[in-house]
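Engineer: Below you will find the structure I want to go over with you.
There are 2 protein chains.
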Amino acid sequence: MSKLVIVGTVAFDAIETPFGKTDKILGGAATFIALAASQFNVDSTIVSVVGGDFPQKYLDILSEKNIDISGIEIVKEGKTFFWRGLYHNDMNSRDTLATELNVLADFKPVVPENYRDSKVVMLGNLHPLIQISVIEQMNTKPELVILDTMNFWMDNALDDLHSVMQKIDVITINDEEARQLTGEYSLVVAARKIHEMGPKYVVIKKGEHGALLFHDENIFYAPALPLEEVFDPTGAGDTFAGGFAGYLASTDDFSFENMKNAVIYGSNLASFCVEKFGTERLLNTTNGEVWGRLKEFKSLTQFEIVLQDS
Amino acid sequence: MSKLVIVGTVAFDAIETPFGKTDKILGGAATFIALAASQFNVDSTIVSVVGGDFPQKYLDILSEKNIDISGIEIVKEGKTFFWRGLYHNDMNSRDTLATELNVLADFKPVVPENYRDSKVVMLGNLHPLIQISVIEQMNTKPELVILDTMNFWMDNALDDLHSVMQKIDVITINDEEARQLTGEYSLVVAARKIHEMGPKYVVIKKGEHGALLFHDENIFYAPALPLEEVFDPTGAGDTFAGGFAGYLASTDDFSFENMKNAVIYGSNLASFCVEKFGTERLLNTTNGEVWGRLKEFKSLTQFEIVLQDS
Chain W
1 MSKLVIVGTV
11 AFDAIETPFG
21 KTDKILGGAA
31 TFIALAASQF
41 NVDSTIVSVV
51 GGDFPQKYLD
61 ILSEKNIDIS
71 GIEIVKEGKT
81 FFWRGLYHND
91 MNSRDTLATE
101 LNVLADFKPV
111 VPENYRDSKV
121 VMLGNLHPLI
131 QISVIEQMNT
141 KPELVILDTM
151 NFWMDNALDD
161 LHSVMQKIDV
171 ITINDEEARQ
181 LTGEYSLVVA
191 ARKIHEMGPK
201 YVVIKKGEHG
211 ALLFHDENIF
221 YAPALPLEEV
231 FDPTGAGDTF
241 AGGFAGYLAS
251 TDDFSFENMK
261 NAVIYGSNLA
271 SFCVEKFGTE
281 RLLNTTNGEV
291 WGRLKEFKSL
301 TQFEIVLQDS
Chain G
311 MSKLVIVGTV
321 AFDAIETPFG
331 KTDKILGGAA
341 TFIALAASQF
351 NVDSTIVSVV
361 GGDFPQKYLD
371 ILSEKNIDIS
381 GIEIVKEGKT
391 FFWRGLYHND
401 MNSRDTLATE
411 LNVLADFKPV
421 VPENYRDSKV
431 VMLGNLHPLI
441 QISVIEQMNT
451 KPELVILDTM
461 NFWMDNALDD
471 LHSVMQKIDV
481 ITINDEEARQ
491 LTGEYSLVVA
501 ARKIHEMGPK
511 YVVIKKGEHG
521 ALLFHDENIF
531 YAPALPLEEV
541 FDPTGAGDTF
551 AGGFAGYLAS
561 TDDFSFENMK
571 NAVIYGSNLA
581 SFCVEKFGTE
591 RLLNTTNGEV
601 WGRLKEFKSL
611 TQFEIVLQDS
């Protein structure tokens, strides 16, 4: 069991989908990552910032999942990062209606002293310089640094993104972003180019089409669980990353073989995330349910053709 | 080992992709289906029609793969069905530049007498009434009838399509067509509705995102093999269906468990099809290569989390 540092947003989200809409609810990349990782009872801390408007009850929700919140700075006179989004009928495209950075604009992450020896660091989607600052605060070199990022930083901070990519072990990125970053349509070729930019392991997230894990010439594929209904995709990618990081931290095994299991667990937890608004379903997911879905992943993917040596 | 009847087009294709273009080359649904099925050494026949312009060397290519061509009618004074298509840069969308039905316009399929007791019938994409005519010519009820179709028949012959769907066991259909046929976005819900229209087994093809096999509440997923380059997608769906049908005919086992293997073999052979123009790669695929790719499918999808009974 390794300790896990998670940096990312803790935020308010307001979401509208074809199924309904919410007022400001608990959201943010670090929130989804930490809740997913908490499924594995890892000792994790969130490094983030919120405003004086952030309700104590949301902090309590995180604490009750045994997530350390001492690294969440509270700026009393400030307002919490806020995102408002609208999903279209196919749930695969969304419009961002509002993004208010608020306290995030001046965020200087501080990793709690007692987590500076953590073996695993999960860098949620933020400015690459903030992500680098977290790596630099570690007293011992982490054994596994996982980076999530997005196209916004490719457009606005590409050099910094390349800098942080040279300091990490695993990148998680979606398919369109992998294509943008490399100029390659084939994900096999794109993964190879991203590998050359730094990360030894490349995870390409394809939403409802699953995720691919690349390491040298090896590829593993985790499907998304086919669902009757996707209610709200918000946080699914972060939940995937959190399940991936949490499983690896809990097993203390950072091999490619174990990463296969980790992407299956990531996809497993993401399948819960999308069933309700925001964090609602993730907060009420039991081990038994996760276990049951693992059986579904097995029957979904395992086949019996016996391989002969020929 | 069961005999296999294949009905569908035998045609000329002219293809343009970002990688190059061809003159009229050997194409057609039944061609790809039969070449894929021939990988399993099944005793198969093609029921189709060509014109007097169809070269003997193309017929010889089929015969050399031990495909019976006595059911391919040659209309000496007629011209062979012709399709010209242009693929765009992402290879996922294409424009049909020309479709000349020619001899196909008056096609009356005749199943060779010695194949009317075949256990497996593969109905390639054609007018539903032609597909029904083939079923009705069988002397004994086939144990497995597989139907492929497309959106054109949903737009132009929906009642006939519903009729043939009630006479078959397995349908293969792509994701957009499944959504069009049912009005449902979720493929899980769409598959259930298609199941209610007749077929006990529903295979939804998702191109580069693989294929889903549905039976009652059971789902199996075969990924597409991640490729560095897709050279020409023409015929990939038919090759998938032919691999599926050929494997089932060769093993004489029409259970859901064996259909899992069949969709893996279908996806396996489709991965070869797209590597060259038309049938070129499929014609030169060795058993050793197929076997090697089967190993890739295993390492791509198989994971080691041990399931406990809990």
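Going line by line, the protein sequences match chains W and G. If you read the first sequence in my numbering, its first letter stands for residue 1, the second for the next number, and so on. If you read the second sequence in my numbering, its first letter stands for residue 311, the second for the next number, and so on. Glycine included, each C-beta is placed from N, C-alpha and C at the ideal position.
#1: Residues of the stretch 471-500 of chain G with a CB closer than 7 Å to any CB of chain W: list them in chain order, please.
#2: Between the stretch 411-419 of chain G and the stretch 385-400 of chain G, do three or more beta carbon pairs fall short of 8 Å?
#3: Would you list, in sequence order, the uninterrupted beta strand (DSSP E) runs of no fewer than 3 residues that lie entirely inside the stretch 18-97 of chain W?
#4: Check each candidate in Tyr-575/G, His-398/G, Glu-506/G, Gly-552/G and name the one with the smallest Cα separation from Ile-325/G.
#5: Compare the C-beta of Tyr-531/G against all C-beta atoms of chain W and say whether one is closer than 7 Å.
#6: Return the CA-CA distance between Gly-338/G and Met-154/W, expressed in angstroms with no decimal places.
#7: Is there at least one Cβ from chain W nearer than 7 Å to Ile-514/G's Cβ?
#8: Residues of chain W with CB under 7 Å from Thr-611/G, in chain order?
#9: At a CB-CB cut-off below 8 Å, which residues of chain G make contact with Asn-261/W?
#10: Could you give the uninterrupted runs of the alpha helix (DSSP H) lying entirely in the stretch 266-306 of chain W, keeping only those of 4 residues or more?
#11: Could you tell me if Lys-295/W is buried or exposed, where buried requires 16 or more neighbouring beta carbons within 10 angstroms of its beta carbon?
#12: In the DSSP assignment, the alpha helix (DSSP H) including Ala-500/G goes from what residue to what residue?
#13: Quick check on Gly-574/G - is its C-beta less than 7 Å from some C-beta in chain W?
#14: Secondary structure at His-127/W, three-state DSSP: helix, strand or coil?
#15: Near Ala-98/W, which residues of its chain fall below 6 Å by C-beta distance, leaving aside the five closest residues on each side in sequence?
#16: Anything in chain G within Cβ reach of Asp-90/W, meaning under 7 Å, just list it in chain order.
#17: Does the stretch 189-199 of chain W come into contact with the stretch 586-604 of chain G, if we say contact requires no fewer than three beta-carbon pairs (one atom in each stretch) closer than 8 Å?
#18: Using a Cβ-Cβ distance under 7 Å, would His-519/G count as near chain W?
#19: Which residues bound the beta strand (DSSP E) around His-215/W?
#20: Leaving out the 5 sequence neighbours to the left and right, which residues in its chain are closer than 6 Å to Ala-270/W when beta-carbon positions are compared?
#21: Using the three-state DSSP reduction, which class does Phe-152/W fall into: helix, strand or coil?
#22: Taking the alpha carbon of Asp-148/W as the point to measure from, which residue in Ile-6/W, Glu-208/W, Ser-44/W has its own alpha carbon closest?
#23: Quick check: the stretch 259-266 of chain W against the stretch 48-65 of chain W, are at least 3 beta-carbon pairs closer than 8 Å?
#24: Counting only beta-carbon separations shorter than 7 Å, does Pro-226/W have a partner in chain G?
#25: What is the rounded straight-line gap between the Cα of Val-274/W and the Cα of Thr-17/W?
#26: Who are the near neighbours of Thr-561/G in its chain, counting only those whose CB is closer than 7 Å to its CB and skipping five residues on each side?
#27: Below 7 Å on C-beta distance, what does Leu-522/G contact in chain W?
#28: Taking Tyr-531/G as part of the beta strand (DSSP E), name the residues at either end of that continuous run.
#29: Just confirm the distance between the C-beta atoms of Ser-311/W and Lys-3/W, as a whole number of angstroms; I'd bet it's less than 8 Å.
#30: Is the Cβ-Cβ distance between Val-421/G and Glu-228/W less than 7 Å?
#31: Can you pull the chain G residues whose beta carbon is under 7 Å from the beta carbon of Leu-86/W, in chain order?
#32: Specify, as a first and last residue, the run of the beta strand (DSSP E) that Thr-172/W falls within.
#33: When you check each C-beta in the stretch 540-569 of chain G against every C-beta of chain W, which residues fall closer than 8 Å?
#34: Quick one: is Glu-177/W buried, meaning 16 or more other Cβ sit within 10 Å of its Cβ, or exposed?
#35: Pop quiz: Ala-521/G and Val-600/G are said to be a contact at Cβ under 8 Å. What is the actual Cβ separation, rounded to whole angstroms?
Structural biologist: Considering the structure as presented:
#1: Tyr-495, Ser-496, Leu-497, Val-498, Val-499
#2: yes
#3: 25-27, 44-51, 72-75, 82-87
#4: His-398/G
#5: yes
#6: 44 Å
#7: no
#8: Tyr-221, Thr-301
#9: Phe-613, Glu-614, Ile-615
#10: 280-283, 287-301
#11: exposed
#12: 497-506
#13: Reading off the sequence, residue 574/G comes out as Ile, not Gly. For Ile-574/G, the answer is yes, since a Cβ of chain W falls inside 7 Å of its Cβ.
#14: coil
#15: Arg-84
#16: Tyr-495
#17: no
#18: yes
#19: 211-215
#20: Ala-236, Thr-239, Phe-240
#21: helix
#22: Ile-6/W
#23: no
#24: yes
#25: 12 Å
#26: Asn-568
#27: Pro-226
#28: 528-532
#29: For residue 311/W there is no data in the structure shown, the boundaries of chain W being 1 and 310.
#30: no
#31: The contacting residues do not exist; Leu-86/W stays about 17 Å from chain G at best.
#32: 170-174
#33: Val-540, Glu-567
#34: buried
#35: About 17 Å; that fails the 8 Å criterion.
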